[in-house]
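Sequential numbering of the sequence shown, starting at 764, is according to our numbering. We put the CB at the ideal spot given by N, CA and C, even for glycine. Input: a single structure, listed below in structure tokens.
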Amino acid sequence: MDNIQVFMRIRPLSEDEYRRDRTTESAVRFLSESTVSIPSQRTENFTFDFVGNETCTQQDVFDAVGRRAVERCMQGYNGTIFAYGQTGSGKTFTMQGARDEFTGPTDELRGLIPRCFEYLFKRISEEEVRTNGRVKYLCKASYVEIYNETIYDLLDPVMRTCAVREDIKRGVFIDNVTEETVQDPTEAYDVFMRGTHSRHVSATAMNRESSRSHSLLMLVIQSMTESETDGLTEVRESVFNLVDLAGSERQKLANTTGLRLKEAANINKSLSTLGNVINSLVDINSGKSRHVNYRDSKLTFLLRDSLGGNSVTFIIANVSPAMCNDAETASTLRFAQRAKMIRNKAVVNHDVQGNVPQLQAEIQRLKQQLAQAQLAQPHSTAALPENTHGAGPSIKEHATAQYLLLLALRKLQESESQRSRYAEIICELKESLDRKRRQIQQQNLVLKLHKAEIDTLRRNSPEHIISSAENATLREEISGLQSMLASQPDYTDLLIENMQLNSELDWMQKSQESSAVSAPVGITRNEAQQALDALVESRLAIVDICSDIPIIPDDSVYDGLEEKIKHARHQINDLELHRDKLEFQIASIEEDWQYVSDGIRDLANAATPEMTVLIAERTMDSIVGDQARNTWSSISEIYRNLSGH
């Protein structure tokens, strides 16, 4: 188990910050190569794995973080790097590079992502040469952003939205996301920049190109090694996540309004959830029982493996040196220090591919090899002569045989469990089809009765004219029937699922023949197909019946409904804006009281009256709400009087 690695990077002071502070003094004090403190806050030291000052270069960041992450991914481990910090602290510059001066992948200011591309494909070329082409690599890239808690595919021309799914075998993944195969750094860089141009970016008072969304670039790295003797293929697959988080911001400093305010509220909400997840994981590592709310935001759900799961994770904490941002800087450092306490359980993701006969033949071969090894060394490996090539397999071959035997046995177990799982799925599908068939039969009966009633009314009414009241009643009934029809699962989805199950059944039947498994699956493919065809025909019958029922249009009714819908939409929009405003106000109030709480602790630790005055003034500048300001004014006045005595 490895702890999350944390790299702290402080950017140079900007001109706006210098004009505001009127000093070049940094808010962060370096105590050693891995320890810093913030003098203006309470006396607290922060220790990390790496610390980069204002002179830290992009190459330094890559050497400390990127190179190590790529090496672990080449070994088959999942890897994650994400940049965290307040808005304008240099996260996007660290991950991507300078936007204005970024001319290409060879620029000195290029960020961590382009440098990881270069090193990754360099290592792939070296491995292919070293193994004489026996190891083949495949890299696929996908790029998404989380904007206002919605996931957008940045590589899709229309930026369609995507859903997050969870599977027993794949874990958490993004459904229907665009994946592009990349074969060299240039292709990977082109994919990255194409997605970057589609990101949501806007200007605020603190950053003229502020990222308004979290971006996630995912690289899937597969290595395939085929055995020359048995035809089996060993596959290692790792997922390399490169995350550029949106920055936390305060409305007072960023001057955000309207849409920017809604974006800031969603950003702060997801970052708050990220902080809560990290706090829960730290408590769990301390022996406490906690539930980790990964599902409270799309960001934490996607990064679940990166936080306490199967991944080697690096965090780059970006901070500002300005004295006016010392409170936000301290908050970032506390977040990074807590994250450093999380322990991940990273394992190599490897598998063996091959059909059942090959695996069974491999097991027999390995058993024979193990028997020969046991005959060659009946008592202990220490009794082996120096030259054992003539007597039997060497110790190294013996260990290799044991390893391959375990892999083959595990593959067989997975095949059996898959066969059982598919059988259960098919049985569930059959039950579901039976239920839907009964529901559709009931609906068909109701529709026929209503159609008969309509025909009777037409025959009895003069000149076959339906009154307005009857027409309204029929509209309601037809609308209810159509809603019942719409509530049923789309038969197209069932058809697609059935096609997938057909292919899986073919594979299972072949597996059963080769492994002499004679147990019935529970339902044949023909039975499932017949049930599905019946379901499709029944649904089409409902559609035909609904379409045969004539409805006399009433424009006045439609106009009235449109006006009501338009009015309701306006009310919903007003309520949503009011809700967003209240959420942001609540977040600001909570943040204000957090500043008050931190300020009280700092005042209690203040050594001199001058330090008390400094803490009181800086805390007052950070507080926005009137109630919190009045409370803090009274508290600080009490501490001033106490320190004066």
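Check whether residue i and residue j have beta carbons under 8 Å apart
i       : j       : result
SER1083 : GLY860  : no
TYR840  : ILE1078 : no
LEU1096 : PHE809  : yes
VAL1359 : ILE1386 : yes
PHE1064 : VAL921  : no
ALA1412 : GLU1346 : Since the displayed the chain opens at 764 and closes at 1408, residue 1412 lies outside it and no answer follows.
GLU1026 : ARG962  : no
GLY1072 : LYS1108 : yes
TYR906  : PHE856  : no
ASN1031 : ALA1350 : yes
LEU1138 : LEU1168 : no
ILE1126 : LEU1172 : yes
Best match in the options for proximity to residue i [C-alpha to C-alpha]
i       : options                           : result
SER986  : ARG999, LEU980, HIS977            : ARG999
PRO802  : ILE1328, CYS1087, TYR915          : CYS1087
ASP1068 : SER1351, ALA1099, ASN1112         : ASN1112
LEU995  : ILE1189, GLU1373, LEU1170         : LEU1170
ASN1081 : HIS1333, THR1036, MET858          : MET858
SER1033 : TYR882, ILE1047, SER1049, ASN1056 : ASN1056
SER978  : GLU834, ILE1378, VAL954, TYR910   : TYR910
GLU950  : SER1043, PRO877, ALA1090          : PRO877
VAL1002 : PHE811, ILE1030, GLY934           : GLY934
LEU918  : ALA1090, SER1052, ASP953          : ASP953
LEU788  : ARG1128, PHE955, GLU817           : The sequence given here places Glu at residue 788; Leu does not occur at that position. With distances taken between Cα atoms, GLU788 lies closest to GLU817.
MET837  : TYR882, ALA1391, ARG1364, ILE844  : TYR882
LYS854  : GLU871, ARG886, GLY842, GLN821    : GLN821
ILE844  : VAL1075, GLU871, GLU1380          : VAL1075
ASN1404 : THR1382, GLN1390, THR1375, VAL940 : THR1375
GLY1010 : GLN849, ILE931, SER1094, GLY1071  : GLN849
LEU1005 : LEU875, LEU1044, LYS1130          : LEU875
LEU1070 : SER1094, SER1043, VAL892, HIS1213 : SER1043
LEU1037 : ARG1053, LEU1066, GLY1362, SER888 : LEU1066
VAL983  : LYS1327, GLN1348, GLY842          : GLY842
GLY896  : ILE887, GLU929, ASP1343           : ILE887
ALA904  : ARG957, ILE1203, LYS932, THR894   : ARG957
GLY1362 : ASP1343, GLN1348, ILE1401         : ILE1401
SER1094 : GLN1357, LEU794, GLN1390, THR786  : GLN1357
Any non-hydrogen atom of the ligand ATP within 7 Å of residue i CB
i       : result
PHE1098 : Among the components modelled here there is no ligand, and therefore nothing to report on the ligand ATP.
Cβ shell of residue i (< 6 Å), same chain only, five flanking positions each side left out
i       : result
ASP947  : PHE884
GLY1388 : ILE1352, ASP1355
ASP901  : Note that residue 901 corresponds to Leu in the displayed sequence, not to Asp. Answer for LEU901: GLN985, listed in chain order.
GLU1149 : The pLDDT assigned to GLU1149 is 42, lower than 50, so where the model puts this residue is not dependable; a value taken from the coordinates is nonetheless given after this. Taken in chain order, the list of residues that qualify is empty.
CYS879  : GLY829, VAL833
SER1396 : none
ALA1102 : ILE767, ILE1041, ILE1078
LYS899  : MET987
SER1399 : ALA1379
Neighbourhood of residue i by C-beta, 8 Å cutoff - its chain only, sequence neighbours within 5 removed
i       : result
THR924  : THR913, ILE914, TYR915, ASP916
ASP779  : none
GLN1176 : none
ALA1099 : VAL769, MET771, PHE809, PHE811, TYR847, ILE1078, ALA1080
GLU891  : VAL898, LYS899, TYR900
Residues bridged to residue i [DSSP beta-bridge criterion]
i       : result
ASN1039 : Looking at the DSSP assignment, ASN1039 forms no beta bridge with any residue, so it has no partner.
PHE1003 : GLY842, LEU982
ARG1106 : ASN766
ASN808  : SER800
SER1074 : BP columns for SER1074 are empty, so no partner.
ASN1081 : ARG772
MET956  : According to DSSP, MET956 bridges with nothing at all.
MET987  : LYS899, VAL998
ILE909  : ILE914, HIS977
GLN1137 : Paired residue(s): none; GLN1137 is not in a bridge.
ILE1217 : Paired residues: none, contrary to the question.
GLU943  : ALA904
PHE813  : PHE770
ARG933  : The partner list for ARG933 (beta bridge, DSSP) is empty, contrary to what the question assumes.
HIS1113 : ARG999
ALA926  : ASP938
Contact set for residue i: own chain, Cβ-Cβ below 7 Å, skip 5 residues either direction
i       : result
ASN1048 : MET1104, ILE1105, ARG1106
VAL791  : ILE773, VAL799, ILE801, VAL1082, PRO1084, THR1092
ASP823  : GLY815
VAL1045 : ARG1101, MET1104, ILE1105
ARG1392 : MET1383, ILE1386
8 Å Cβ cutoff, residue i in contact with chain B
i       : result
GLN1348 : Given the protein chain composition of this structure (a single chain), no chain B is represented.
Does the segment 1057 to 1065 come into contact with the segment 819 to 827, if we say contact requires no fewer than three beta-carbon pairs (one atom in each stretch) closer than 8 Å?
no
Could you check whether the segment 933 to 944 touches the segment 1191 to 1206, counting it as contact only if at least three pairs of C-beta atoms, one from each stretch, sit closer than 8 Å?
no
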